[in-house]
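Okay, so here's the structure we're looking at.
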Amino acid sequence: MSLVTLRQALDEARQGGYGLGAFNVTDLLQAEAVLDAAAETSSPVIVETLAGSSSHGSDERFWRGLLHLVEEYPAIPVVLHLDHGPDAATCRRAIDAGFTSVMIDGSLAPDRVTPATFAQNLAVTAEVTAYAHERGVSVEGELGTIGGSKVDGSRAEIQLADPDEAADFVAGTGVDALAVAIGTSHGAYKFDSPPDGSVLHMDLIERIAAKVPGTHLVMHGSSSLPAELRALVNKYGGTLPESWGVPEQEKVRSIAMGIRKINQGMDSHLAFTGAVRAQLAHDGLTVDPAPYLRPGRVEMQRIIAERMRAFGQAGHAGDYAPLPLAEMRRRYTA
Numbered sequence: 622m623s624l625v626t627l628r629q630a631l632d633e634a635r636q637g638g639y640g641l642g643a644f645n646v647t648d649l650l651q652a653e654a655v656l657d658a659a660a661e662t663s664s665p666v667i668v669e670t671l672a673g674s675s676s677h678g679s680d681e682r683f684w685r686g687l688l689h690l691v692e693e694y695p696a697i698p699v700v701l702h703l704d705h706g707p708d709a710a711t712c713r714r715a716i717d718a719g720f721t722s723v724m725i726d727g728s729l730a731p732d733r734v735t736p737a738t739f740a741q742n743l744a745v746t747a748e749v750t751a752y753a754h755e756r757g758v759s760v761e762g763e764l765g766t767i768g769g770s771k772v773d774g775s776r777a778e779i780q781l782a783d784p785d786e787a788a789d790f791v792a793g794t795g796v797d798a799l800a801v802a803i804g805t806s807h808g809a810y811k812f813d814s815p816p817d818g819s820v821l822h823m824d825l826i827e828r829i830a831a832k833v834p835g836t837h838l839v840m841h842g843s844s845s846l847p848a849e850l851r852a853l854v855n856k857y858g859g860t861l862p863e864s865w866g867v868p869e870q871e872k873v874r875s876i877a878m879g880i881r882k883i884n885q886g887m888d889s890h891l892a893f894t895g896a897v898r899a900q901l902a903h904d905g906l907t908v909d910p911a912p913y914l915r916p917g918r919v920e921m922q923r924i925i926a927e928r929m930r931a932f933g934q935a936g937h938a939g940d941y942a943p944l945p946l947a948e949m950r951r952r953y954t955a
């Protein structure tokens, strides 16, 4: 098994001076595209998913499939990560299912709309971290709120991370990684104009990194939303509005500033969907899903491989052997 914890993978990335892409998937076909891109580029990789995001019959059924799929890539260190766990119960469920890393998103109150207080966030994050570390599993927390577009078209509020809270948060929770809100945004509709310094507060990265030097920083909502992919989707029936994401050069620059994990979702979904729409438009007779899903997988693999090369993780898969959870548990509890 090539599973590795987030802690070890990010420690190795820091030592190697590269960033590690975390790619969101909602089915096994997309997960295969991520893992094939990792094999193509010889990259360690983070495969991540959200609870309830899959079209499979249940989370647990999908998660078991992910674990079996990872076994097919023994030469690739793979972090299986739960993204934006909404509560402690969901994080425990993922840990018990075999995930090697979970994110507890304590930035929102239980209604998942109202920003949580610092005390609320700290308490739930500390609870999850204690449960995870007792089992050798890594934890990512969040400071500030990332915000962004929702499925109903509304936008969640962005609250920038406070560097002065970072040290207290890490000391009170023991998290391995910290997602910091610097103005990035989730979803396929991020910014109405190219983002500049008034939108992306890159200076926060260095300020927070200086406060918590032993904790790895994470950039969420960092897809670039390439105009050519949006145009392809819209050419074949899509109605995506014009929008700008985080420029590739800013993601690369953020690695040198202290970002170690870079979450990506919308770019690969745009590539997948654009290829599927194009195939369906050119073949009006086929009803078997495989012929139109296959180009989606291929295009998703292509763009993820590009990101892996840009982040510097390509060529580093053979740098280290994954430590077993029992050894990580010993280190966490020592």
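In the numbering used here, the protein residues as written are 622 to 955.
A virtual CB, placed ideally from N, CA and C, is assigned to each residue, including glycine.
Being a predicted model, the structure only gives us computed values, none of them experimental.
- The alpha-carbon separation between residue 647 and residue 664 amounts to approximately 21 Å.
- Note on geometry: alpha-carbon atoms of residue 657 and residue 858 lie some 29 Å from one another.
- Short of 7 Å from the beta carbon of residue 843, and not among the five residues preceding or following it, lie these beta carbons of its own chain, in chain order: 805, 867, 872, 883, 884, 885.
- Apart from sequence neighbours up to five positions away, the residues of its chain that approach residue 729 with a beta-carbon distance below 6 Å are 737, ordered along the chain.
- Our two residues, residue 704 and residue 668, have alpha carbons roughly 10 Å apart in a direct line.
- Taken in chain order, the unbroken stretches of beta strand (DSSP E) that lie wholly in the segment 823-854 and span 3 residues or more are 837-840.
- In the DSSP assignment, residue 885 falls within the unbroken beta strand (DSSP E) covering 880-885.
- Cβ-Cβ distances below 6 Å link residue 757 to 946, 949, 950 in the same chain, with the five nearest sequence neighbours on each side left out; the list follows chain order.
- At the C-beta level, residue 799 and residue 765 stay beyond 7 Å of one another.
- When secondary structure is reduced to three states using DSSP, residue 704 falls in the strand class.
- Residue 894 is classed as buried because its beta carbon has at least 16 other beta carbons within 10 Å across all chains shown.
- Take the alpha-carbon of residue 731 and the one of residue 709: they are about 11 Å apart.
- With 16 or more other Cβ atoms from the protein chains shown falling within 10 Å of its own Cβ, residue 845 counts as buried.
- At a Cβ-Cβ threshold of 7 Å, residue 625 and residue 943 count as neighbours.
- Cβ atoms of residue 838 and residue 874 stay farther apart than 8 Å, at about 13 Å.
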